[in-house]
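First the structure, in the form of structure tokens, and then the observations on it.
Residue numbers (the numbering used here): 47 to 310.
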């Protein structure tokens with residue numbers, strides 16, 4: 047970066063990074079380019095040079111800010127990913143807060159798991175014909191390329207469990223939009239009730255959601271069924287943004303040199 051900045055100024059105005067400022071017969075002008083301070087010297091003290099630097103600051107500040115960078119999350123707004131069985135008999139996260147119209151995606155891990163809706167009072171038992179059920183999803187390794195997506199139609203609590211084997215009784219339960227001000231109807235209380243359930247019953251039919259490709263990138267390594275890697279796209283985007291940011295930085299410094307040259 048030093049070479050790029052130096053090239054924007056004539057040889058008579060050398061630039062070098064400094065850690066301090068010493069007043070001398072030659073005036074030093076400081077340009078703040080995070081993370082270093084750069085100065086250039088001029089043989090004559092001149093208010094015009096001060097003016098040139100001040101005029102250049104509006105160009106340099108945005109460029110430096112762009113060079114510093116700052117990214118945003120890669121998750122899609124309105125889509126909530128729940129990992130099913132990645133860390134044993136768990137939903138991760140087990141609690142999701144979603145708005146009306148949001149989509150909850152269940153991503154499945156080995157070996158076989160399902161997502162079935164129940165009521166709070168009857169854990170490990172199907173809710174009714176209006177509840178959602180993914181059916182059993184079997185995964186050999188990694189994460190399945192099929193996800194179960196549920197669209198949130200209201201903000202009422204939706205309790206769910208894994209209907210495979212004794213997974214529900216062993217704590218594989220979750221909730222969408224748990225009651226905010228109810229100390230009795232909590233996920234912990236639901237899990238405790240599930241542990242005492244006499245049986246774990248799967249719904250008779252799938253429904254209430256769709257099983258298909260994910261709207262989001264896979265949350266971990268691709269499964270054995272081979273799915274395209276999503277890591278290259280964000281990297282390419284970051285590289286492109288980096289080129290733009292450094293381009294803006296160089297342009298800002300060039301403007302500073304140009305204005306300074308005109309005002310001498």
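From the three backbone atoms N, C-alpha and C, an ideal C-beta is built for every residue, glycine too. The structure displayed is predicted, hence computed values, not measured ones.
Residue from the options whose Cα sits closest to the Cα of residue i
{"i": "residue 255", "options": "136, 152, 130, 133", "result": "152"}
{"i": "residue 133", "options": "126, 154, 148, 191", "result": "154"}
{"i": "residue 225", "options": "211, 239, 201, 245", "result": "201"}
{"i": "residue 148", "options": "240, 156, 196", "result": "196"}
{"i": "residue 250", "options": "130, 179, 230", "result": "179"}
{"i": "residue 258", "options": "207, 138, 192, 199", "result": "192"}
Host alpha helix (DSSP H) of residue i (start-end)
{"i": "residue 155", "result": "No alpha helix (DSSP H) holds residue 155; DSSP gives it neither H nor E."}
{"i": "residue 241", "result": "233 to 241"}
Cβ-heavy atom distance, residue i to the ligand SAM, below 6 Å
{"i": "residue 195", "result": "Absent from the structure shown: the ligand SAM. Ligands present: none."}
N- and C-terminal bounds of the beta strand (DSSP E) containing residue i
{"i": "residue 257", "result": "256 to 258"}
{"i": "residue 204", "result": "204 to 207"}
{"i": "residue 163", "result": "162 to 164"}
{"i": "residue 247", "result": "Per DSSP, residue 247 belongs to no beta strand (DSSP E) and is neither H nor E."}
{"i": "residue 198", "result": "It is not in any beta strand (DSSP E) - residue 198 carries neither H nor E in the DSSP assignment."}
{"i": "residue 222", "result": "219 to 222"}
{"i": "residue 126", "result": "125 to 130"}
For residue j and residue i, the rounded distance between their alpha carbons
{"i": "residue 162", "j": "residue 204", "result": "10 Å"}
{"i": "residue 261", "j": "residue 150", "result": "10 Å"}
{"i": "residue 290", "j": "residue 209", "result": "Because residue 290 sits at a pLDDT of 35, beneath the cut-off of 50, its placement in the model cannot be relied upon, and the point is left open."}
{"i": "residue 164", "j": "residue 244", "result": "15 Å"}
{"i": "residue 228", "j": "residue 177", "result": "23 Å"}
{"i": "residue 131", "j": "residue 138", "result": "8 Å"}
{"i": "residue 206", "j": "residue 123", "result": "23 Å"}
{"i": "residue 246", "j": "residue 156", "result": "19 Å"}
{"i": "residue 231", "j": "residue 167", "result": "9 Å"}
{"i": "residue 235", "j": "residue 194", "result": "26 Å"}
{"i": "residue 238", "j": "residue 128", "result": "21 Å"}
{"i": "residue 190", "j": "residue 160", "result": "12 Å"}
{"i": "residue 240", "j": "residue 211", "result": "13 Å"}
Cβ-Cβ distance between residue i and residue j below 7 Å
{"i": "residue 233", "j": "residue 140", "result": "yes"}
{"i": "residue 146", "j": "residue 126", "result": "no"}
{"i": "residue 252", "j": "residue 181", "result": "yes"}
{"i": "residue 248", "j": "residue 198", "result": "no"}
Just checking, does the segment 178 to 187 make contact with the segment 214 to 222 on the three C-beta pairs under 8 Å criterion? These segments do not touch.
Looking at C-beta atoms only, is the number of pairs between the segment 219 to 234 and the segment 172 to 180 that lie closer than 8 Å three or more? Judged by Cβ distances under 8 Å, the segment 219 to 234 makes no contact with the segment 172 to 180, as fewer than three pairs qualify.
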